[in-house]
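Worksheet: the structure to be examined is printed underneath.
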DNA sequence: GCGACAG
DNA sequence: ATCTTGTCGC
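Residue numbers (this note's numbering): 2 to 214.
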């Protein structure tokens, strides 16, 4: 199912390819992806939106069985196969992809968002609902407030209060993006706690999982 | 040995 | 992630 040693080896090899620089092309189409499970089956949903008005442009999904378990720190080996297949079904690849999970805020600085970005060579941002590794000070309670996430004295992410008096989310660069640009896009696409593109794919994948599987 | 641990 | 009911608050 999953060779832990090999998996870690792959992460350490691919982590050297991560680029923490702003996208080199303007972002007009922003996407998001998420995977829901039911028994040993999973369904990945991808959706793209116009960054300008956040209107839905296109969606795609892929269903298949899985034999890989969830192991903290190795989430990408379970979800990447689903996400890649769903993404390749899109007519147009987004300029930037929001991923439900961490980017470099990871023990080996190579979370799901980074893995997806490096494999497809696209800009990605990791957006998680809870912390995997690192230390931080709770950000102020108003929307837009943030604090840095550190690990070993290294800046690895942002803890952002995307809505007033609501738990913050953990944002970190996945690939081909920097902290500042990531913060900008996350706040710009968020009305509630979770960015709109991610809310959409989360609900969509859950619906398909319970109805079509 | 004990606690922590994305989804 | 998933299993689960009602309930409080913006």
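Even glycine gets a Cβ: it sits at the ideal position worked out from N, Cα and C.
- Excluding the 5 residues flanking it on each side, residue 68 has same chain C-beta neighbours closer than 6 Å at 2, in chain order.
- For residue 23, same chain residues with a beta-carbon under 6 Å away, outside a window of 5 residues either side, are 179 and 182 in chain order.
- DSSP, read as helix, strand or coil, puts residue 125 in strand.
- A direct Cα-Cα distance of roughly 9 Å separates residue 101 from residue 203.
- Our two residues, residue 142 and residue 98, have alpha carbons roughly 27 Å apart in a direct line.
- In the same chain as residue 87, and ignoring 5 residues on each side of it, the C-beta atoms closer than 6 Å to its own belong to 45, 47, 61, 62 and 63, in chain order.
- Annotation: the continuous alpha helix (DSSP H) that includes residue 186 extends over 180 to 189.
- Every alpha helix (DSSP H) of 4 residues or more that sits fully in the region 37 to 104 is shown, in chain order, as 76 to 88.
- With a contact defined as Cβ atoms closer than 8 Å, residue 128 and residue 84 miss out at about 14 Å.
- In this structure, 94 is the residue among 94, 165 and 5 with its C-alpha nearest to the C-alpha of residue 28.
- A Cβ-Cβ separation of about 5 Å places residue 96 in contact with residue 30 under the 8 Å criterion.
- With distances taken between CA atoms, residue 214 lies nearest to 41 out of 125, 41, 18 and 52.
- Residue range 197 to 213 is occupied by the alpha helix (DSSP H) that includes residue 198.
- A direct Cα-to-Cα measurement between residue 65 and residue 90 gives close to 14 Å.
- Sorting 169, 120, 112 and 54 by C-alpha distance to the C-alpha of residue 148 places 169 at the top.
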